[in-house]
Amino acid sequence: MMRLSRSVLLGTSCVLWLVGCDGGQSDVSKMSSSRAPLAEDEVLVTSTTRFHTSVGVAERLEDLSANPPEIHFQTGTSFTHLTGAPVPGGWLFKGVPRTEYYLRTDSLLRADILTSARHVDIGTQRIGRADAEYPRVDWVTVQLDLRNLSPWRHPAGTYQPGSSLQAVATDVDMVGDLLVPDDTPEGATSIETDDAFLLAYNVTSMPVFRADAGDRMYVHQLGEFIAGGMPDGTRVGYSAVERSVHLPPLDFVPDWELNPLSIDAELQPLALQEFPLDWRLSEFARQVPQVHPRALATNVWFELHPTPHTPAEQWMGDTLHLLRLVMPRGSDSDFASQLRFGNPYPSHWDVVGVVNYSTAYAAQMPGNPSRTVNILGGYTAIEKLEDLASGPIVPKVSPPRSLRIDWKPTSTPHEVGSVHPVVSWSPPAVGTATAYRVIVRQFFPMFGVFVGTGSINVPGSVRELRLPPGLLEPGAHFYVSVLAIDAPFWDVEQAPLATQNRAPYRSATAYSSIFTVAP
């Protein structure tokens, strides 16, 4: 296999090699292990992006100079700040004590991890070719000619979602909705229009499709099915993939001009798989007061997702659902149903379920107690499909207990005397936390909303931490969330971003009331 030259290797952003799927040591790992051993006070940070396709995994070592990492370590009640310096293949810090330190992986988002590791890789996992181009276009017009649809249905409220279309690519990174005119006839089995749109949701925008690289696109039709009824008589429907077509390789360059994407295809019906849903919503409802004494249950939903090119234990997230079920707001009655969905993807891909039970606390708005602003939290889980089907769906972890700031209970509003207070908590009553995440949000009165100012991921052995610089400011209003996370395949300290979505993953939130930092 041909290697790139060392001069290219040290360029700003270069594809290194194709690793394959055998799980052996990659050349990126070999390069890291081949450099001189780190000194006692040194920390090396690298960023390796791994691109997953049907032929293997390509790795690319990223240049960190555009958004370099930072380190803060605690010295008494304050912090020492280290900026580090670029070295071949990464970013090197010197003068780091042999103790835990805060590694700021993204200085713009103030995303920190608390770690004692001497080598941390902050790269991510991606779907699609490493050499794919993304020209920052989020939507394009579509000349659409689809045939052999299941009879088209219009939505009839939140719980009757009707028919919809998805567009998904896995040779390049793209997930999106195909939006058709509202006047598409009820019962239509074909759609021919020049007024459709493809709206992409992936972070990197729409890709350039290259037929010579084998880039293809799936088009799915999702239909409406009935899951059952609630005690008050509400009929609950859900949306699931039922027809699909995998288009042949195509050439398309998205732009903001009138360059429409042409889709001309005949959809094929899929064999529908059955999934026995046994959702013990009453068990989730019992946890709501542990989130916050004044919290109420809000959004409740369940989804099934594919795991492109990987098993569930290596799921990367960022996929569109095969099935989506939205329950009535605040549902607290157990719900059972036999759900059906089609799966057009290769049989060696896994399917995971995503469980969401959200809560909100309507807090009085600082400076205007006659108005309220929602503080949000809840329970989220990512589980393998077979594990969800093996028994009732119940919470596997509960919120952290005894949330405190500077050792004072946080259930009522109060003032904090420092921009570096200590946030502490006790382990959850249900389950075992392998990690915790602390999130800080600031209230902006001009807009009447809370905006995140930073987050810290910490190992499950940690029970308290002092907030590092940049998260709080004097005179402003904030609240803190602490998530107890049970994620056995998440390597928080050494690969915090690449491994965080791997199944199983469960998190439960506790949040504080609003507090004010002393001027």
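Numbering-wise (the numbering used here), the sequence shown opens with residue 19 and increments by one.
No residue lacks a Cβ here, since even glycine has one placed at the ideal position from N, Cα and C.
Inset, instruction - Indicate whether the contact test is met: 3 or more Cβ pairs, each with one atom in the segment 365-381 and one in the segment 309-323, closer than 8 Å. - result: yes
Inset, instruction - Could you please give me the residues that DSSP links to residue 461 through a beta bridge? - result: Within the sequence shown, numbered from 1, the residue matching residue 461 stands at position 443. The partner list for residue 461 (beta bridge, DSSP) reads 468.
Legend entry - Residue range of the unbroken alpha helix (DSSP H) whose run includes residue 320: Mapped onto the sequence shown, residue 320 falls at position 302. The continuous stretches of alpha helix (DSSP H) do not include residue 320, which lies in the beta strand (DSSP E) extending over residues 314-325.
Legend entry - Residue from 469, 302, 404, 383 whose Cα sits closest to the Cα of residue 348: Translated into the one-based positions of the sequence shown, residue 348 becomes position 330. Checked all of 469, 302, 404, 383; the closest Cα to residue 348 is 302.
Inset, instruction - Decide if the segment 176-195 is in contact with the segment 145-157; the criterion is three or more beta carbon pairs, one per stretch, under 8 Å apart. - result: yes
Legend entry - Counterpart residues of residue 390 in DSSP-defined beta bridges: Looking up residue 390 in the sequence shown gives position 372. In the DSSP output, where bridge partners are listed per residue, residue 390 has 382.
Legend entry - Unbroken beta strand (DSSP E) run spanning residue 294, endpoints: Looking up residue 294 in the sequence shown gives position 276. Its beta strand (DSSP E) spans residues 290-297.
Inset, instruction - State the Cα-Cα distance for the pair residue 460 and residue 355, rounded to the nearest angstrom. - result: Counting from one through the sequence shown, the residue named residue 460 turns up at place 442. Counting from one through the sequence shown, the residue named residue 355 turns up at place 337. Roughly 41 Å between the two C-alpha positions.
Inset, instruction - Have a look at 529, 503, 485, 527 and flag the residue whose alpha-carbon is nearest the alpha-carbon of residue 132. - result: Walking along the sequence shown from the start, residue 132 turns up at place 114. Considering only alpha carbons, the answer is 485.
Legend entry - Residue range of the unbroken beta strand (DSSP E) whose run includes residue 516: Here residue 516 is taken as the residue at index 498 of the sequence shown, counted from 1. Run containing residue 516: none; DSSP gives neither H nor E here.
Inset, instruction - Determine contact between the segment 325-345 and the segment 122-141, defined as no fewer than three beta-carbon pairs at a distance below 8 Å. - result: no
Inset, instruction - Measure the Cβ-Cβ separation of residue 371 and residue 338 and say whether it is below 8 Å. - result: What you label residue 371 is simply residue 353 of the sequence shown in a count that begins at 1. What you label residue 338 is simply residue 320 of the sequence shown in a count that begins at 1. Not closer than 8 Å, so no.
Inset, instruction - Could you name the residues of the same chain whose beta carbon sits closer than 6 Å to that of residue 440, not counting the 5 residues immediately before and after it, in chain order? - result: By 1-based counting over the sequence shown, the position of residue 440 is 422. So the list reads 424, 482, 484, once near-sequence residues are dropped.
Legend entry - For residue 491, the nearest candidate out of 66, 534, 97, 117 (CA to CA): In the sequence shown, residue 491 corresponds to position 473, counting from 1. If we check each option's Cα against that of residue 491, 534 comes out closest.
Legend entry - For residue 531, the three-state DSSP class (helix, strand or coil): Position 513 of the sequence shown, counting from 1, holds the residue named residue 531. In this structure, residue 531 counts as coil in the three-state DSSP scheme.
Inset, instruction - Give the single residue among 343, 259, 532 whose Cα lies nearest to the Cα of residue 244. - result: Here residue 244 corresponds to residue number 226 of the sequence shown, with the count starting at 1. For residue 244, the nearest C-alpha among the options comes from 343.
Legend entry - Cβ-Cβ separation, residue 446 to residue 416 (assumed contact under 8 Å), whole Å: Along the sequence shown, one-based indexing puts residue 416 at 398. Along the sequence shown, one-based indexing puts residue 446 at 428. Rounded to the nearest angstrom, the Cβ distance from residue 416 to residue 446 is 4 Å, consistent with a contact under 8 Å.
Inset, instruction - Would you identify the three-state DSSP class for residue 354, choosing helix, strand or coil? - result: Translated into the one-based positions of the sequence shown, residue 354 becomes position 336. If DSSP states are grouped into helix, strand and coil, residue 354 belongs with the strands.
Inset, instruction - Output the distance between the C-alpha atoms of residue 117 and residue 511, rounded to the nearest integer angstrom. - result: Sequence index remark: in the sequence shown, residue 117 carries index 99 (1-based). Sequence index remark: in the sequence shown, residue 511 carries index 493 (1-based). Their backbone Cα atoms lie some 13 Å apart in a straight line.
Legend entry - Coarse secondary structure for residue 477, derived from DSSP in three states: Here the question's residue 477 lines up with position 459 in the sequence shown. Under the three-state reduction of DSSP, residue 477 is assigned to strand.
Inset, instruction - Mind the definition here: the segment 234-248 touches the segment 174-181 only if three or more C-beta pairs lie below 8 Å; say whether that holds. - result: Yes, they touch.
Inset, instruction - Can you tell me the Cβ-Cβ gap for residue 523 and residue 362, rounded? I've got them flagged as a contact below 8 Å. - result: In the sequence shown, counting from the first residue as 1, residue 523 sits at position 505. In the sequence shown, counting from the first residue as 1, residue 362 sits at position 344. The C-beta distance from residue 523 to residue 362 rounds to 25 Å, too long to meet the 8 Å contact threshold.
Legend entry - Range covered by the alpha helix (DSSP H) that runs through residue 265: Locating residue 265 in the sequence shown gives position 247, where the first residue counts as 1. No alpha helix (DSSP H) holds residue 265; DSSP gives it neither H nor E.
Inset, instruction - Within the same chain, show all residues whose beta-carbon is closer than 8 Å to that of residue 284, passing over the 5 residues directly before and after it, in chain order. - result: Taking the first residue of the sequence shown as position 1, residue 284 is located at position 266. Closer than 8 Å at the Cβ level, and outside the excluded window around residue 284, lie 164, 165, 166, 263.
Inset, instruction - Give the single residue among 315, 505, 298 whose Cα lies nearest to the Cα of residue 413. - result: On the sequence shown, position 395 is the one that residue 413 refers to. For residue 413, the nearest C-alpha among the options comes from 298.
Legend entry - Continuous beta strand (DSSP E) stretch holding residue 130: start and end: The sequence position of residue 130 within the sequence shown is 112, counting from 1. First-last of the beta strand (DSSP E) with residue 130: 129-133.
Legend entry - Helix, strand or coil at residue 404 according to DSSP, with G and I counted as helix: Translated into positions along the sequence shown, residue 404 becomes position 386. Here residue 404 sits in helix by DSSP.
Legend entry - Supposed contact pair residue 527 and residue 335 - C-beta distance, whole angstroms, cut 8 Å: In the sequence shown, residue 335 corresponds to position 317, counting from 1. In the sequence shown, residue 527 corresponds to position 509, counting from 1. The beta carbons of residue 335 and residue 527 sit about 18 Å from each other, so the pair does not count as a contact at 8 Å.
Inset, instruction - Spell out a yes or no on whether the segment 246-262 and the segment 220-231 are touching, meaning 3 or more CB-CB pairs, one atom from each, closer than 8 Å. - result: no
Legend entry - Spatial distance of residue 536 from residue 493 (CA atoms): Your numbering for residue 536 matches position 518 in the sequence shown. Your numbering for residue 493 matches position 475 in the sequence shown. Rounded to whole angstroms, residue 536 to residue 493 spans 5 Å at the Cα level.
Legend entry - residue 147 (DSSP reduced to helix, strand or coil): One-based indexing of the sequence shown puts residue 147 at position 129. DSSP places residue 147 in coil when its eight states are reduced to three.
Inset, instruction - Quick one: residues in its chain with C-beta nearer than 6 Å to the C-beta of residue 98, no 5 flanking neighbours on either side, listed in chain order? - result: In the sequence shown, residue 98 corresponds to position 80, counting from 1. Only 91 meet the Cβ criterion.
Inset, instruction - Using the DSSP secondary-structure output, state which residues sit across from residue 454 in a beta bridge. - result: The residue given as residue 454 occupies position 436 in the sequence shown. Residue 454 pairs with 476, 502.
Legend entry - Nearest residue (CA-CA) to residue 501, options 517, 449, 147: For this step, residue 501 is matched to residue 483 along the sequence shown. Of 517, 449, 147, the residue nearest in Cα terms is 449.
Inset, instruction - Provide the residue(s) that pair with residue 104 in DSSP beta bridges, ordered along the chain. - result: For the purposes of this step, residue 104 is identified with residue 86 of the sequence shown, where counting begins at 1. Answer by DSSP bridge pairing, in chain order: 109.
Inset, instruction - Report back the beta-carbon spacing between residue 88 and residue 79 to the nearest angstrom; my notes put them in contact at under 8 Å. - result: Here residue 88 refers to the residue found at position 70 when the sequence shown is read from its first residue. Here residue 79 refers to the residue found at position 61 when the sequence shown is read from its first residue. So it is not a contact: roughly 20 Å between Cβ atoms.
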